[in-house]
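Protein chains in written order, with our numbering: chain W, 58 to 474; chain Z, 58 to 474. Glycine included, each C-beta is placed from N, C-alpha and C at the ideal position. The structure appears below as structure tokens.
There are 2 protein chains.
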Amino acid sequence: MRAEIIAVGSELLTPDHCDTNSLLITEKMNEAGFAVYLKSVVGDRSDDIAALLRAALDRSAFVLICGGLGPTEDDLTRRAVAEALGRPLSISAPLLENLRALFARRGYPMRPINERQAEVIEGAQVLENSVGTAPGLWLEERGVQIVLLPGPPRELSPMLENHVLPRALELGAGRHLVKRSFRILGMTESEVDSRIAPIYTQYPQVDTTILASRGYIGIRMHQWVRQGEQAGAIEELSGRIDLTLGSAVFTRTDQPLEEVIGRLLRESGRTLAVAESCTAGMIGSAITRVPGSSDYFLGGVLCYSNDVKERLCGVPGDLLRRHGAVSVEVAEALANGVRLVAGSSTGLSVTGIAGPGGGSPEKPVGLVYVGLADGSRVAHLRRVLPGDRALIRERASYAALAFLYQHMVAETGGGRT
Amino acid sequence: MRAEIIAVGSELLTPDHCDTNSLLITEKMNEAGFAVYLKSVVGDRSDDIAALLRAALDRSAFVLICGGLGPTEDDLTRRAVAEALGRPLSISAPLLENLRALFARRGYPMRPINERQAEVIEGAQVLENSVGTAPGLWLEERGVQIVLLPGPPRELSPMLENHVLPRALELGAGRHLVKRSFRILGMTESEVDSRIAPIYTQYPQVDTTILASRGYIGIRMHQWVRQGEQAGAIEELSGRIDLTLGSAVFTRTDQPLEEVIGRLLRESGRTLAVAESCTAGMIGSAITRVPGSSDYFLGGVLCYSNDVKERLCGVPGDLLRRHGAVSVEVAEALANGVRLVAGSSTGLSVTGIAGPGGGSPEKPVGLVYVGLADGSRVAHLRRVLPGDRALIRERASYAALAFLYQHMVAETGGGRT
């Protein structure tokens, strides 16, 4: 059963914007057993959208159209689809009621153009939007499933999960995709590949991909399995890879590193505080993405200036003058200092030169020190990170989180999920 | 003259890979005066590629096909195009010679499958590949230009620049694209639309798009202008929109808000420190994305726990107990407190309930206070932000940056770029 995706939005036809929504949609369609064999991007023009839909009806079993469901003049998807199918469009009273209530709750004025988002194509079922104002629509035409989805990823994602995936599964492609994945710290992409290629090449029925991702190396495996059959190959393969890579694997469930760290902190009864110089909040904001992180994260200091390093983290001015802000000594003093001022059991620090200015032959742009203090010992990590300012800051944050993870795993002996 | 792009590659139909080559191609086609109105992604299947090309011949003046020119079994573009056009494919002796010389120079053995890259479709002109082994091809069929391009960006990019752009310019679309854009704070997408729709609908020759983006509303305008003509309409339209929206426009050059804020801080000789509770570093990391931000950003405190609010920002424990951490009083005390401990002229604070837990009827999830202190006065902003934890934190950061911007603009009287 072949599915195709149509992304609507003139901005997606400029040199500045990619269609990334189709990645989310593809993931969910694959889970339901449908392969995506064609994707299109079309602008905010009624005729183009309608022509594309008419062509799609002749070739696909499933057509997912994403974007153009907003309230403004250039949101044309509902009208174009209604026109292509020759079906009328009318305001749904219950949807209008919902919209009014939503605007009232948020305290925004509801304007006449907003009423468009209550328009429904004849014969369509409404897919609830739990996050925004644009509901989705699901239609059938000559046996082809047509789904209209909102463009903002935050609205799209829950609608896919809660409304599209269950219905697509019911439609029954008769097979499903079995996936396994690992995330790995402390190895490069080619190191991972040379370790596991001798294994995964023995399982041609499993599609194995190694991807350098932000802060880790990912291994993704998938295998199409017919109803009633076992996914024996992928189970065996993932078991063997797991054994080979050992504690370098920090998750087998796509759990972000900050969640794994949170669990380790919670389980060991520790609390954390951070002192961030060049990352200036990137570590704190990552750690606190996890709900309930206030149980183990106390806070920290953005010690951007030397003055703040002294005043708020208790780093002796003399140490700063002798070794410079970017040094082993200051990284360790920051980690221990923030631990003491915040009253946490563990302190984590980063100090480095993110560039583009501020580098020297002895201390080049990209030089970063991570410090770690837990009351019984103080440790550090030195790295010279490649990339531009944004990349160096990002990599410095990941290096600090990885250092903390490895420290805790070494102490507690593991904890993968 | 309408151009369309077809990207070929099964990996572009997985959840892990986007087609980004079309961005490069779009940029060059726009330079040559062609609008890209449709993009497709298709897998490595001959039938699908051929069907798509046949459809394209009926609707476009220019068809650019990218990828699938390699030597392996799944590189099918040359064959599929030859089949769709009913033209024979044959080995070009000079190309084969070139290939052999290239392999010899690199010291790689040339295998029989490599000879495929010397295949040329009847009537095609060869586009030299200065970097890799796959030459491009340029054909004309029933007045439609068809261009076959290699997939690897490092091969694609010079071929676009050196061979496609000059020929496309010669074909003489005789026009170019003029762009203008605004970014706006403090209004919703539909508020912006109802303010400016009466204006932009008077300029049908300008394509105007309103987009809710992260932390702001964007307006993008573009107009195709013929050689020798003036871009009068877009100049007039953007001038009128600018007047209408006034200081709600924080940039006319796509400058990020943190850069605009940085410029205003620098110009007014101020320094900034932040106290972040629920955002826990998101504001600090945004401000410091800007190179040279150490000139005006001193640092701050991640005051996640109440204890850290007291210890490091000097908020009286009594105030916290009486009003709670999420209150006007504590927001203002944090802003002023961090200003004093960090020694900055301005202090900015955020305290709120990001959820999912911790809400109550009086203080629901999403309640956020922003505090601002500049030595002469203390101000605050109260918001109940919709969304999940991630969205509330993101919106709280944007609200704080917007509040700071508006405060500075009100004081200094503008500063747009």
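Per the coordinates, the alpha-carbon of W/Gln-174 lies some 7 angstroms from the alpha-carbon of W/Gly-127.
Between the beta-carbon of Z/Gly-414 and that of Z/Gly-423 there is about 13 angstroms, and that puts the pair past the 8 angstroms contact cut. For secondary structure counted as the alpha helix (DSSP H) over 4 or more consecutive residues, the segment 267-308 of chain Z holds these complete runs in sequence order: 289-302. Across the structure, W/Glu-292 and W/Asp-431 are spaced so that their CA atoms are roughly 39 angstroms apart.
According to the DSSP assignment, W/Ser-147 belongs to the beta strand (DSSP E) that extends over 146-148. Burial is judged here by how many other beta carbons sit within 10 angstroms of a residue's own beta carbon; Z/Leu-429 has at least 16 and is buried. Contact with chain Z is absent for W/Ser-295, since none of that chain's Cβ atoms lies less than 8 angstroms from the residue's Cβ. Taking 8 angstroms as the CB threshold, W/Asn-171 lines the interface with chain Z. Z/Leu-217 has its alpha-carbon roughly 11 angstroms from the corresponding atom of Z/Leu-121. Taking one beta carbon from each stretch, the segment 67-87 of chain W and the segment 97-110 of chain W have 3 or more pairs nearer than 8 angstroms; the two touch.
Measuring C-alpha to C-alpha distances from W/Pro-72 to each of Z/Leu-70, Z/Ser-67 and Z/Phe-91 identifies Z/Phe-91 as the nearest. Annotated as distal: W/Gln-280 and W/Ala-269, with beta-carbon spacing of 8 angstroms or more.
Listed in chain order, the positions of the segment 428-450 of chain W with a beta carbon within less than 9 angstroms of a beta carbon of chain Z are Arg-446, Ala-447 and Arg-450. When rounded, the separation of the alpha-carbon atoms in W/Glu-286 and W/Ala-89 is 16 angstroms. Exclusion of the five residues before and after W/Ile-203 leaves Val-120 and Leu-196 as the residues of its chain whose Cβ lies within less than 6 angstroms of its Cβ.
Linking Z/Val-306 to W/Arg-283 through their CA atoms gives a straight-line distance of about 56 angstroms. Comparing alpha-carbon positions, the option among Z/Gly-371, Z/Arg-368 and Z/Gly-319 lying closest to Z/Leu-458 turns out to be Z/Gly-319. Per the C-alpha coordinates, the member of W/Glu-246, W/Pro-443 and W/Gly-394 positioned closest to W/Ile-274 is W/Glu-246. Taking the CA atoms as reference points, Z/Ala-118 sits about 11 angstroms from Z/Leu-228.
In the assembly as shown, Z/Leu-294 is a buried residue. Its beta-carbon has 16 or more other beta-carbons within 10 Å. One thing to note: W/Met-339 has its Cβ within 8 angstroms of the Cβ of W/Arg-450.
Among the residues of chain W, none has a CB under 7 angstroms from the CB of Z/Arg-378; the nearest is roughly 18 angstroms distant. For Z/Val-387, the enclosing alpha helix (DSSP H) stretches over residues 385-399.
With fewer than 16 other Cβ atoms inside 10 Å of its own Cβ, W/Arg-439 counts as exposed. Here the alpha carbons of W/Ile-106 and W/Arg-136 stand approximately 10 angstroms from one another.
With contact defined as three or more Cβ pairs closer than 8 angstroms, the segment 385-400 of chain W and the segment 321-339 of chain W are in contact. The beta-carbon of W/Met-339 is placed less than 8 angstroms from the nearest beta-carbon of chain Z. Going by C-alpha positions, W/Leu-222 is about 41 angstroms away from Z/Gly-143. With contacts defined as CB atoms closer than 8 angstroms, W/Val-435 and W/Val-407 fail to qualify as a contacting pair. Per DSSP, Z/Arg-379 is one residue of the alpha helix (DSSP H) stretching across 374-380. The closest CA to that of W/Arg-237, considering only W/Asn-219, W/Ser-214, W/Arg-277 and W/Leu-205, is found on W/Arg-277. Every alpha helix (DSSP H) of 4 residues or more that sits fully in the segment 60-106 of chain W is shown, in chain order, as 78-88. Using a Cβ distance threshold of 8 angstroms, W/Ile-256 and W/Arg-309 do not count as a contacting pair.
Using a CB distance below 9 angstroms, the part of the segment 65-85 of chain W facing chain Z consists of Gly-66, Ser-67, Glu-68, Leu-69, Leu-70, Thr-71, Pro-72, Asp-73, His-74, Cys-75, Asp-76, Thr-77, Ser-79, Leu-80, Leu-81, Ile-82, Thr-83, Glu-84 and Lys-85, ordered along the chain. Looking at the backbone, the Cα of W/Arg-102 and that of Z/Gly-208 are separated by about 29 angstroms. Z/Cys-360 reaches chain W at Gly-356, counting residues in chain order whose Cβ is nearer than 7 angstroms.
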